[in-house]
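In our numbering, each number is its position in the sequence shown, counted from 1, plus 17. All C-beta atoms, glycine included, are put in the ideal place defined by N, C-alpha and C. None of the values given here were measured: they were computed from a predicted structure. For reference, the structure is listed below as structure tokens.
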Amino acid sequence: MYDNNENIVMRALFNQQRIQILTLGIENNYFTDSYLYAWESGVYPYLDDSDGSVLPKPHECYEEYFQITRDIVSEVLEFIYNSFKDDKSITFYELEENYGGQWDARYGRETLLSICRYAYLKGHFHSKVWEGLLTQFEHPSEASAIVRIMDRDNDIYIM
18 MYDNNENIVM RALFNQQRIQ ILTLGIENNY FTDSYLYAWE SGVYPYLDDS DGSVLPKPHE
78 CYEEYFQITR DIVSEVLEFI YNSFKDDKSI TFYELEENYG GQWDARYGRE TLLSICRYAY
138 LKGHFHSKVW EGLLTQFEHP SEASAIVRIM DRDNDIYIM
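Here is the structure:
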């Protein structure tokens, strides 16, 4: 029973932290677009982790409460990186196929789109990576939103 109550409290704290971060981002322009997007869409902001030499960022103590976990984000980003090194190219459909297809419970299309959007907003990969992933006729139409400019007033939903 103690673990259950503790989990409920931590989930409440996570939700409160999420609301604070999103509100500060929208109203006061705090935080980067990528960081806000990660919190809004449930992607663990892996590329924003501290290295331990400074105080941890707000998300680091809530790792288990993000829908798309640190391990999934790390794995997908590493796969994309490895696919594009040595001037190789991969399309979004190939990425999706590698992770079990669009309906895969863990790595489905929505998860891959969210991770890619976060990485794009973070400026993580060279433009050639995005050009390859978004090769004409080799990605679903919704993948075009990966490289769309973020509009904080219209793209961030607090609830």
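task: Could you pull out every residue in the same chain whose Cβ sits closer than 8 angstroms to the Cβ of TYR82, ignoring the five residues on either side in sequence?
output: As a first step, residue 82 must be located in the sequence shown, where it is residue number 65. Only MET27, ARG28 and PHE31 meet the Cβ criterion.
- prompt: When you compare only the Cα positions, how much space is there between ARG134 and TRP147?
  reply: Counting from one through the sequence shown, the residue named residue 134 turns up at place 117. Counting from one through the sequence shown, the residue named residue 147 turns up at place 130. Spanning the two alpha carbons is a distance of roughly 10 angstroms.
field: Alpha-carbon to alpha-carbon, ILE175 and LEU150
entry: Taking the sequence shown and counting its residues from 1, the one referred to as residue 150 is at position 133. Taking the sequence shown and counting its residues from 1, the one referred to as residue 175 is at position 158. Approximately 29 angstroms, taken between the alpha carbons.
field: Neighbour-count burial assignment, MET18, 16 or more Cβ in a 10 Å radius
entry: Taking the first residue of the sequence shown as 1, we reach residue 18 at position 1. Because the pLDDT of MET18 is 41, which lies under 50, any placement of that residue in the model is unreliable, and the number read from its coordinates should be weighed accordingly. Exposed.
message: When you compare the CB positions of LEU129 and MET167, do they come within less than 8 angstroms of one another, or not?
response: As a working note, residue 129 is residue 112 in the sequence shown. As a working note, residue 167 is residue 150 in the sequence shown. No, the Cβ-Cβ distance between LEU129 and MET167 is not below 8 angstroms.
- prompt: For VAL71, does the three-state DSSP call read helix, strand or coil?
  reply: In the sequence shown, counting from the first residue as 1, residue 71 sits at position 54. Coil, per DSSP.
task: Mark ILE85 as exposed unless 16 or more other C-beta atoms lie within 10 angstroms of its C-beta, in which case mark it buried.
output: Locating residue 85 in the sequence shown gives position 68, counting from the first residue. Its Cβ being crowded by 16 or more others within 10 Å, ILE85 is buried.
query: By the 10 Å Cβ neighbour count, where 16 or more other Cβ atoms means buried, how is ALA136 classified, buried or exposed?
result: Counting from one through the sequence shown, the residue named residue 136 turns up at place 119. ALA136 comes out buried.
message: Quick check: the stretch 103 to 119 against the stretch 153 to 162, are at least 3 beta-carbon pairs closer than 8 angstroms?
response: yes
Length of the line joining the Cα atoms of GLU77 and LYS145: Within the sequence shown, residue 77 is the residue found at index 60, counting from 1. Within the sequence shown, residue 145 is the residue found at index 128, counting from 1. Straight-line Cα distance between these residues: approximately 30 angstroms.
Which of helix, strand or coil DSSP assigns to ILE85: If you number the sequence shown from 1, residue 85 lands on position 68. Residue state, collapsed to three classes: strand.
Complete alpha helix (DSSP H) runs within the stretch 91 to 139 (minimum length 4 residues, chain order): 109 to 115 and 126 to 139
query: What's the C-alpha gap between ASP104 and ASP121?
result: Here residue 104 is taken as the residue at index 87 of the sequence shown, counted from 1. Here residue 121 is taken as the residue at index 104 of the sequence shown, counted from 1. For ASP104 and ASP121, the distance between alpha carbons rounds to 28 angstroms.
task: Using the Cα positions of ASP170 and ILE38, report the straight-line distance between them to the nearest angstrom.
output: Position 153 of the sequence shown holds residue 170. Position 21 of the sequence shown holds residue 38. Going from the Cα of ASP170 to the Cα of ILE38 covers about 14 angstroms.
message: Please classify VAL90 as buried or exposed, where buried requires at least 16 other C-beta atoms within 10 Å of its C-beta.
response: Taking the sequence shown and counting its residues from 1, the one referred to as residue 90 is at position 73. Buried is the call here.
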